[in-house]
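Participant: If you count the sequence shown from 1, you need to add 172 to reach our numbering.
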Amino acid sequence: MPRLDVDTVMSVIDQLLAGAMDEEQMQAAAEAMRQLFNGSKACFASFGPSPEDWASHATNPDAALQERCFGDLASDFIEMGGALRDIPLGAIYRDNEVFGEEALRSTRVWQEWMRPQDMYGGMACRLAKNGEAFWFFDVQRGRQQESFDAEEVALLEKLYPVLRRVVELRRHIGRVTVQRDEARGALDRVAMGIAILDQDMRIAYANEGADEILSDPDSAVGLRQGRLFARQPVDQRQLRLLVEGALRSAQDPLAPARASMILHGEDGSHSLSACAMPAPSSPQAHAAGKVLIALRRLETATNLVACARQLFDLTDAEAKFASALASGSSLAEAAEAQGVRISTARTHLARIFQKTNTRQQSQLVSLLRSAALPLRPR
């Protein structure tokens with residue numbers, strides 16, 4: 173083995189750490205290790221009793237051979253993998269010694285998968301385990317190359333803590349990525365806009381519903397230099413107070429704060445309801461905190477009347493008034509639309525308050541708008 177300088181080894185470690193943080197860099201990390209050991213092929217792989225446990229980041233991947241690995245050779249791989257489970261983590265082993273050179277080369281795995289890739293002698297170590305499944309690193313030498321010597325085994329032993337950490341970080345980041353993508357996918361299905369703001373009203377995240385609302389020129393809210401703003405000046409002042417109140421409530425849950433408001437478009441239409449609350453934070457989050465704000469168009473919902481009747485035992489007249497109020501109408505406008513006097517409308521409203529256990533019109537609107545949460549059509 174040629175003598176390696178510190179810079180060469182550190183460059184490989186840098187590439188390994190890049191792979192830990194970015195899955196797309198894992199193949200490059202495997203290639204760096206192949207070059208370090210002058211191998212014919214190298215890979216980081218996960219293996220278990222089921223192909224569902226398998227994953228691979230290898231140099232020069234052959235798509236056809238990979239398909240065979242997960243196909244008609246799968247049972248052969250599972251049988252061979254059983255011999256590796258008792259090898260301690262970090263212990264360096266040679267595949268010819270574990271299986272026996274003649275026995276290994278008589279298997280379908282070697283003849284139909286390893287030999288076509290010039291894998292004539294491997295050095296490897298198990299990095300981490302998860303039940304019956306485990307991660308390992310493997311580097312191979314080709315037919316015309318000498319086998320790995322004691323110095324190369326010692327180098328791999330020294331690199332083991334780094335390799336193990338790479339796999340642990342990759343697994344952790346992979347889980348977080350899946351959880352993040354699942355959460356974003358779920359939020360994109362919700363038929364309302366969900367946005368996360370900082371204390372300066374800058375958008376840190378917006379789901380599909382929020383993107384649609386913010387990009388609509390007729391909407392009651394929009395973006396200006398990355399900040400959320402209301403198109404009506406009076407609404408802008410109230411919107412900032414709404415966000416500031418949510419930030420205060422994160423520090424003092426008992427502090428009085430307005431939680432919701434109605435935002436109006438420039439022509440009085442395209443109204444939105446906005447509900448703000450502190451965004452969940454972690455110990456690593458910035459002290460300033462963030463606010464989660466839910467935006468929903470106050471368009472007439474054809475099923476809201478039936479929903480109000482069923483959930484709160486409202487009469488048809490009461491349910492129609494409740495639906496109108498939840499859609500942004502004032503009490504006077506709702507009375508005019510129903511063809512009744514304002515005094516009758518107030519009587520209906522009092523009964524609605526009683527049946528819904530609310531005391532203010534804003535509370536009633538928030539309750540009714542949250543009573544039915546439809547999903548976005550696909």
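Yeah, the Cβ is synthetic: ideal placement off N, Cα and C, and Gly gets one too.
Leaving aside the five residues before and after N379 along the sequence, list all residues of the same chain whose C-beta is less than 8 Å from its C-beta, in chain order.
Facilitator: Counting from 1 along the sequence shown, the entry for residue 379 is found at position 207. Correct list, in chain order: R356, L359, D360, V362, G365, I366, A367.
Participant: Is the beta carbon of K301 closer than 8 Å to that of L341?
Facilitator: On the sequence shown, residue 341 is found 169 positions in, with the first residue counted as 1. On the sequence shown, residue 301 is found 129 positions in, with the first residue counted as 1. Going by C-beta atoms, L341 is not nearer than 8 Å to K301.
Participant: In the DSSP assignment, find the unbroken alpha helix (DSSP H) run with D267 in it and report its ends.
Facilitator: Within the sequence shown, the letter at position 95 stands for residue 267. Counting along the chain, the alpha helix (DSSP H) containing D267 begins and ends at 267-271.
Participant: Counting pairs of Cβ atoms below 8 Å between the stretch 269-277 and the stretch 303-321, do you hit three or more?
Facilitator: no
Participant: Is the stretch 210-227 in contact with the stretch 289-307, if contact means three or more CB pairs nearer than 8 Å?
Facilitator: Flag = yes, the stretch 210-227 and the stretch 289-307 touch.
Participant: Under a three-way DSSP split, which group does L256 fall into?
Facilitator: Locating residue 256 in the sequence shown gives position 84, counting from the first residue. Helix, per DSSP.
Participant: Which same chain residues, not among the five before or five after A263, have their C-beta less than 7 Å away from its C-beta?
Facilitator: Sequence index remark: in the sequence shown, residue 263 carries index 91 (1-based). Closer than 7 Å at Cβ, skipping near neighbours: C297.
Participant: Report the three-state DSSP secondary structure of S501 (helix, strand or coil).
Facilitator: On the sequence shown, residue 501 is found 329 positions in, with the first residue counted as 1. Looking at S501 - three-state DSSP - the assignment turns out to be coil, as it is neither helix nor strand.
Participant: In whole angstroms, what is the alpha-carbon distance linking C447 and P425?
Facilitator: Indexing the sequence shown from 1 puts residue 447 at position 275. Indexing the sequence shown from 1 puts residue 425 at position 253. So the two alpha carbons sit approximately 16 Å from each other.
Participant: Find the nearest neighbour of G500 within the set A201, T530, Q535, judged by alpha-carbon distance.
Facilitator: The residue given as residue 500 occupies position 328 in the sequence shown. The option with the nearest alpha carbon to G500 is Q535.
Participant: Could you tell me whether the Cβ atoms of E329 and F209 are closer together than 8 Å?
Facilitator: Your numbering for residue 329 matches position 157 in the sequence shown. Your numbering for residue 209 matches position 37 in the sequence shown. Cβ atoms of E329 and F209: not closer than 8 Å.
Participant: State yes or no: is the C-beta of L540 within less than 8 Å of the C-beta of A480?
Facilitator: Reading the sequence shown from its first residue, position 368 is the one you call residue 540. Reading the sequence shown from its first residue, position 308 is the one you call residue 480. L540 is a Cβ neighbour of A480, given a cutoff of 8 Å.
Participant: Rounded to the nearest angstrom, what separates V393 and L400 at their Cα positions?
Facilitator: Translated into the one-based positions of the sequence shown, residue 393 becomes position 221. Translated into the one-based positions of the sequence shown, residue 400 becomes position 228. So the alpha carbons of these two residues sit roughly 7 Å apart.
Participant: Which residues bound the alpha helix (DSSP H) around P405?
Facilitator: For the purposes of this step, residue 405 is identified with residue 233 of the sequence shown, where counting begins at 1. Start and end: 405-423.
Participant: With respect to the alpha helix (DSSP H) encompassing F242, which residues constitute its N-terminal and C-terminal limits?
Facilitator: Here residue 242 is taken as the residue at index 70 of the sequence shown, counted from 1. Taken as a continuous stretch (DSSP letters only), the alpha helix (DSSP H) holding F242 covers 235-242.
Participant: Quick one: is H442 buried, meaning 16 or more other Cβ sit within 10 Å of its Cβ, or exposed?
Facilitator: Counting from 1 along the sequence shown, the entry for residue 442 is found at position 270. By the neighbour-count rule (16 or more Cβ atoms within 10 Å), H442 is buried.
Participant: Run through the DSSP bridge pairs and tell me what Q312 is partnered with.
Facilitator: Within the sequence shown, residue 312 is the residue found at index 140, counting from 1. For Q312, which the question treats as bridged, DSSP gives the partners K213, G294.
Participant: Is V362 helix, strand or coil by DSSP?
Facilitator: As a working mapping, residue 362 is identified with position 190 in the sequence shown. Here V362 carries a strand assignment [DSSP, helix/strand/coil].
Participant: Are G346 and E195 close, meaning C-beta to C-beta below 8 Å?
Facilitator: Walking along the sequence shown from the start, residue 346 turns up at place 174. Walking along the sequence shown from the start, residue 195 turns up at place 23. Against a cut-off of 8 Å, the Cβ pair of E195 and G346 comes out as a contact.
Participant: Can you give me the Cβ contacts of T516 inside the same chain, cut-off strictly under 8 Å, excluding the 5 residues immediately before and after it?
Facilitator: In the sequence shown, residue 516 corresponds to position 344, counting from 1. Correct list, in chain order: A507.
Participant: What residues in its chain sit with their C-beta under 7 Å from that of H520, if we drop five residues either side in the sequence?
Facilitator: Sequence index remark: in the sequence shown, residue 520 carries index 348 (1-based). Counting only Cβ-Cβ distances below 7 Å, and skipping sequence neighbours, we find A489, E490, F493.
Participant: Assign E203 to buried or exposed, taking buried as 16 or more other Cβ atoms, counted over all protein chains shown, within 10 Å of its Cβ.
Facilitator: What you label residue 203 is simply residue 31 of the sequence shown in a count that begins at 1. Its Cβ being crowded by 16 or more others within 10 Å, E203 is buried.
Participant: I think A451 touches L464, with their Cβ atoms under 8 Å apart; what is that distance to the nearest whole Å?
Facilitator: By 1-based counting over the sequence shown, the position of residue 451 is 279. By 1-based counting over the sequence shown, the position of residue 464 is 292. Yes, A451 and L464 are in contact; Cβ-Cβ is about 4 Å, under 8 Å.
Participant: Would you mind listing the beta strand (DSSP E) stretches within the stretch 377-405 that are 3+ residues and don't spill past its ends, in chain order?
Facilitator: 393-396, 399-402
Participant: Can you check DSSP and say which residues form a bridge with W307?
Facilitator: Your numbering for residue 307 matches position 135 in the sequence shown. Answer is S218, A300, bridged to W307.
Participant: Within 10 angstroms of the Cβ of Q397, are there 16 or more other Cβ atoms? Answer buried if so, exposed if not.
Facilitator: Counting from one through the sequence shown, the residue named residue 397 turns up at place 225. With fewer than 16 Cβ atoms within 10 Å of its Cβ, Q397 is classed as exposed.
Participant: Could you tell me if the beta carbon of E329 falls within a distance shorter than 7 Å of some heavy atom in the ligand PLP?
Facilitator: Ligands in the displayed structure: none, and consequently the ligand PLP is not present.
Participant: Taking 8 Å as the threshold (C-beta atoms), are A498 and V338 in contact?
Facilitator: As a first step, residue 338 is located in the sequence shown; it is residue number 166 there, counting from the start. As a first step, residue 498 is located in the sequence shown; it is residue number 326 there, counting from the start. No, Cβ-Cβ distance for V338 and A498 is not below 8 Å.
Participant: With respect to the beta strand (DSSP E) encompassing R287, which residues constitute its N-terminal and C-terminal limits?
Facilitator: Your numbering for residue 287 matches position 115 in the sequence shown. Counting along the chain, R287 falls outside any beta strand (DSSP E), and DSSP gives it neither H nor E.
Participant: What's the C-alpha gap between R513 and R523?
Facilitator: Start at 1 with the first residue of the sequence shown, and residue 513 comes out as number 341. Start at 1 with the first residue of the sequence shown, and residue 523 comes out as number 351. Roughly 16 Å separates the two Cα atoms.
Participant: In this structure, how does DSSP classify S538 when only helix, strand and coil are distinguished?
Facilitator: Within the sequence shown, residue 538 is the residue found at index 366, counting from 1. In the structure shown, S538 sits in a helix (DSSP, three-state: H, G or I).
Participant: Which residue's Cα is closest to the Cα of Q423: H436, R409, G461?
Facilitator: Translated into positions along the sequence shown, residue 423 becomes position 251. Among H436, R409, G461, the Cα nearest to that of Q423 belongs to G461.
Participant: Quick check: F219 and A305, are their CB atoms within less than 8 Å of each other?
Facilitator: Stepping through the sequence shown from its first residue, residue 219 is reached at position 47. Stepping through the sequence shown from its first residue, residue 305 is reached at position 133. Yes.
Participant: Whole angstroms are fine: how far does the CA of D485 sit from the CA of L369?
Facilitator: In the sequence shown, counting from the first residue as 1, residue 369 sits at position 197. In the sequence shown, counting from the first residue as 1, residue 485 sits at position 313. Computed Cα separation, rounded: 38 Å.
Participant: Check for me: the beta strand (DSSP E) holding H229 runs from which residue to which?
Facilitator: As a working note, residue 229 is residue 57 in the sequence shown. Per DSSP, H229 belongs to the beta strand (DSSP E) from 227-230.
Participant: Could you name the residues that DSSP lists as bridge partners for L464?
Facilitator: Taking the first residue of the sequence shown as 1, we reach residue 464 at position 292. Beta-bridge pairing by DSSP links L464 to I368, M449.
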